[in-house]
Amino acid sequence: MPEIAGNFDELLTSEGAPRHPALSGGLASLSPEALAERQRHAEEELLEKGITFAVYGHTDGNEKVWPFDVVPRPVGLAEWHTIEAGLKQRIRALNLFLDDVYGPGRIMKDGIVPESLVKTAKTYRPECAGFRPPGGVWTHVVGTDLVRNHDGTIYVLEDNLRCPSGVSYVLENREIMKRVLPEVFYGSIVASIEDYPERLLETLLKTAPQHVTSPTAVVLTPGVCNSAYFEHSFLAQQMGVELVHGSDLFVDEEDMVWMKTTRGPQRVDVIYRRIDDDFIDPEVFRADSMLGVRGLMRAYRAGNVTLANAPGTGVADDKAVYQYVPAIIRYYLSEDAILQNVPTYLCSVESDCDYVLGHLHELVVKPTNESGGYGILMGPQASRKEREACADAIRKDPRNYIAQPMLTLSTVPTVINQTLSPRHVDLRPFILYGEDLWVLPGGLTRVALKEGSMIVNSSQGGGSKDTWVLLQH
Amino acid sequence: MLCRVAESLFWMSRYLERAENQARFIDVTSQIALGYRGSELDLWSSLLHAGGDVEDFKKSYSAPTQENVIRYLLFDPQNLNSVVNCLAAARENARAVRENLTTPMWEAVNRFYLRVRSAASESNRVIRQPHSFLEQIKRMSNQVMGVSRATWSRGEAWHFSCLGYDIERADKTSRILDVKYFILLPDPTHVGSQVDVVQWAALLESTSALQMYRREYGRIEPSNVVEFLILNKRFPRSMRFCVREAESSIRAISGTPLHSFSNPAEQLVAQLNAKLNFARAADVIGNGLHQFVDDFQSQLNGIGAGVAESFFQVDMSARRSMQSQSSML
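For the protein sequence lines, the chains are A and B, in the order given.
Throughout the first sequence, residue numbering follows our numbering, covering 1 to 473 in sequence.
Throughout the second sequence, residue numbering follows our numbering, covering 1 to 329 in sequence.
The following block contains the structure:
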């Protein structure tokens with residue numbers, strides 16, 4: 001396999017020795033040709049099962065088969081324990097932060113996080129001020145993006161506290177792997193993930209409004225054209241709950257939420273909504289939204305329905321607020337952050353902004369409130385024209401941009417044209433917060449299929465891998 | 001069950017059944033065409049008549065040749081009822097309610113769709129030799145029905161799907177009977193004269209009825225064929241059987257006992273069922289089969305509209321007050 005100098009590979013050490021001896025029995029015994037053959041089986045299966053995602057602006061029918069690579073990404077158990085503890089710590093702190101920001105605002109009064117920064121986040125929702133969701137849980141489902149730099153350090157890249165996607169692909173990737181590489185699963189060296197739907201359902205039911213004895217939960221989707229529709233449908237099916245569109249629900253004059261069934265209206269108590277805040281209720285947010293439910297925020301504020309995740313959580317995953325997460329952890333938990341932040345320059349801070357404008361060719365610039373890899377400038381690869389356009393945009397609206405040094409993401413061997421080549425990966429573990437925090441052992445490993453590329457988003461040509469938390473060394 | 005979901009399940013099933021019927025009609029017609037002494041154009045245009053597609057067909061084709069009609073019915077993207085469009089619609093409906101299907105059902109519908117799509121990409125070859133593709137359509141349709149039967153709970157979802165199948169089936173049987181009867185026996189006084197056994201057998205075959213007919217009646221006799229396809233109590237594609245099944249699906253959904261009704265769908269389906277229960281083949285033929293089928297189809301459309309009104313566009317305000325009252329008791 002070709003190597004990349006100075007690179008960190010998740011399977012092999014720089015001397016080419018296996019990093020995880022536990023894998024040498026099953027996986028390592030397969031030749032690249034055998035892997036390529038298994039890869040073909042996997043792709044046929046994905047097509048037949050109709051496991052797809054939609055790409056906006058894709059003209060040739062907007063459904064694409066989910067791209068999957070058969071070589072897994074392993075994580076050793078000791079390292080996983082650190083990641084797990086770090087994620088729990090981070091999300092516990094961010095929920096306390098949300099409670100505080102929409103409540104007394106102590107952290108701003110104490111000068112730890114500037115109030116101006118919080119209140120200017122596009123995702124700050126004044127409509128949520130003074131409201132506390134059941135159990136103080138704001139982020140029921142989180143998908144934190146982690147990356148490993150070439151020096152081996154793991155960093156948190158983004159917190160994704162709104163409607164993170166991808167967990168259905170984690171589960172489907174595992175199903176496919178069990179079918180195309182059954183031999184490596186004998187002896188159970190890989191942590192199992194199959195109980196996620198059960199855990200998610202429990203999380204939703206546990207956070208129902210307190211007066212409800214046997215709550216009804218639903219998944220709310222924007223519809224079949226949404227890029228993550230497969231996931232919405234998959235999760236509803238796995239949990240055995242209804243998948244609803246906004247038009248299937250209505251709120252009555254007593255602020256109760258109902259779904260329209262063939263036997264008349266039926267009460268709804270918990271909504272796992274996969275629609276952004278902006279579109280969720282035309283009465284409160286965007287008035288032109290056709291996706292949401294008129295009056296939903298009234299029902300929510302009256303305590304008649306739980307929304308998962310709670311409206312307003314976006315302020316805590318704003319990419320400028322991100323810079324303060326280590327301080328937020330220290331403030332609420334009196335602990336040091338277990339997981340590292342990527343050093344970040346806030347363009348809203350004048351000295352940072354000057355530095356960023358002078359070093360665009362070596363930095364990654366991100367809008368503070370986008371997801372899916374949209375609007376990112378990769379300085380070293382960008383053309384002069386692109387860098388100038390970016391500089392103009394930063395000068396016009398500095399609050400909307402941050403910059404980070406370019407990391408060299410770790411790699412995993414990947415089947416490319418029938419042979420194995422190293423490709424850069426990230427990792428998105430999923431964390432549920434109901435009665436307590438729970439981390440799915442594994443997560444979505446996304447892989448940039450283009451040689452040298454660091455952009456792993458499936459909307460931009462990225463693929464995916466099964467993630468194995470190894471229970472043996 | 002959500003109204004939207006019920007509607008999608010109903011239509012998913014109708015489109016699947018429609019595709020299978022198209023395939024069967026084409027298959028039987030191309031069998032007859034071998035060694036047929038009459039006009040090719042008459043033979044194939046009868047299929048267009050059965051589907052009510054004559055005018056639409058004329059917009060894009062000059063003559064109803066075998067090739068043109070097969071292309072129109074299987075692959076024409078402009079024809080809303082072509083097999084390729086039926087499968088796209090069935091699959092889109094299935095995708096919209098995937099969480100209500102079992103995984104093997106969804107996969108069977110998806111495979112069916114993928115097969116039809118790949119045939120469409122080599123349509124010229126398929127149209128020259130359609131038989132094996134038509135067989136595949138029938139088999140894949142049966143596969144969907146088979147896994148549904150084996151894996152799907154007999155709840156509302158199941159009943160809405162059955163309702164879609166039975167209404168579509170009743171419609172198709174009545175149409176093909178109407179058209180073929182007119183061609184084979186334009187004058188009812190001819191009943192009893194020399195009949196074209198091959199053609200009558202083909203009519204039975206195109207509704208998968210030939211073998212079951214033989215078991216019941218033996219020799220082919222037009223009035224018996226009419227009786228079998230309209231009034232038979234046991235054959236699953238007879239109009240009476242389908243309507244009776246549709247009634248029991250509707251009652252299973254609403255829970256209303258026999259001999260009473262609580263919504264327009266029940267009222268209309270029970271009326272049609274009663275009419276078929278008390279009809280005689282001789283009267284149907286004597287009073288004009290075409291008129292009978294015409295009335296049947298408009299009643300069937302009425303039932304479709306009744307189902308939509310009773311289950312897909314439910315008035316929520318009226319029912320909610322009822323529900324909160326009953327839950328308070």
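Virtual Cβ for every residue (Gly too), placed ideally from N, Cα, C.
With its beta carbon less than 7 Å from one in chain B, T262(A) belongs to the interface.
The beta carbons of E10(A) and V456(A) sit about 14 Å from each other, so the pair does not count as a contact at 8 Å. Assignment of L11(A) by DSSP, reduced to helix, strand and coil, places it in the coil class. A straight-line Cα-Cα distance of about 39 Å links V167(A) and L134(B).
For A403(A), the enclosing beta strand (DSSP E) stretches over residues 401-405. Relative to L177(B), the option among Y36(B), Q136(B), S223(B), S121(B) whose CA is nearest is S223(B). Contact residues of the segment 30-56 of chain A toward chain B are L47, E48, K49, G50 (C-beta to C-beta distance below 8 Å). In this structure, A217(A) lies near V241(A), with their beta-carbon atoms less than 7 Å apart. Within a 10 Å sphere around the beta-carbon of H20(A) sit 16 or more other beta-carbons, which makes this residue buried.
DSSP places M259(A) in the uninterrupted beta strand (DSSP E) bounded by 257-261. Boundaries cannot be given for T221(A), as no alpha helix (DSSP H) includes it and DSSP labels it neither H nor E. The beta carbon of R149(B) sits no closer than 7 Å to any beta carbon of chain A.
Here the alpha carbon of P126(A) sits roughly 8 Å from the alpha carbon of Y102(A).
Taking the beta carbon of F250(A) as reference, the chain B residues within 7 Å of it are M316, listed in sequence order. Think of a sphere of 9 Å around the beta carbon of M1(B): the chain A residues whose beta carbon falls inside it are E242, T261, T262, R263, in chain order. If you compare the alpha carbons of P134(A), A17(A), L117(A) with that of N304(A), the shortest gap goes to P134(A).
By the rule that beta-carbons nearer than 7 Å mark a contact, V224(A) touches chain B. Between F311(B) and chain A, the shortest Cβ-Cβ separation is below 7 Å.
Close CB contacts of N341(A) within its chain, under the 8 Å cut and outside five residues either way in sequence, are with Y155, V156, Y322, Q323, V325, P326 (chain order). Under the 10 Å beta carbon count, P380(A) is surrounded by fewer than 16 other beta carbons and is classified as exposed.
In this structure, L407(A) places its C-beta atom within 7 Å of the C-beta atom of N149(A). DSSP places H424(A) in the strand class (E or B) of the three-state scheme. In the three-state reduction of the DSSP assignment, I220(B) falls in the coil class, being assigned neither a helical nor a strand state. The Cβ of A308(A) sits no closer than 7 Å to any Cβ of chain B. As the crow flies, the alpha-carbon of C347(A) is around 27 Å from that of D151(A). Counting only the Cα atoms, K172(B) lies some 8 Å from A50(B).
Here the C-alpha atom of T306(A) lies approximately 53 Å from the C-alpha atom of N277(B). Contact of S233(A) with chain B by beta-carbon distance below 8 Å involves R95, R98, E99.
Contacts with chain B at 7 Å (Cβ-Cβ) include A236(A). Contact note: R128(B) does not reach chain A at a C-beta cutoff of 7 Å; the least C-beta distance is about 27 Å. Each residue's CA atom was taken as its position, placing D195(A) and G164(B) some 36 Å apart. The three-state secondary structure of M290(A), taken from DSSP, is coil.
The three-state reading of DSSP puts K275(B) in helix, counting H, G and I together. Residues of the segment 110-128 of chain B that bring their beta carbon within less than 8 Å of a beta carbon in chain A comprise N110, R111, L114, in sequence order. The C-alpha of T414(A) lies about 17 Å from the C-alpha of Q460(A). Interface with chain A (7 Å Cβ-Cβ cutoff): E135(B) is excluded.
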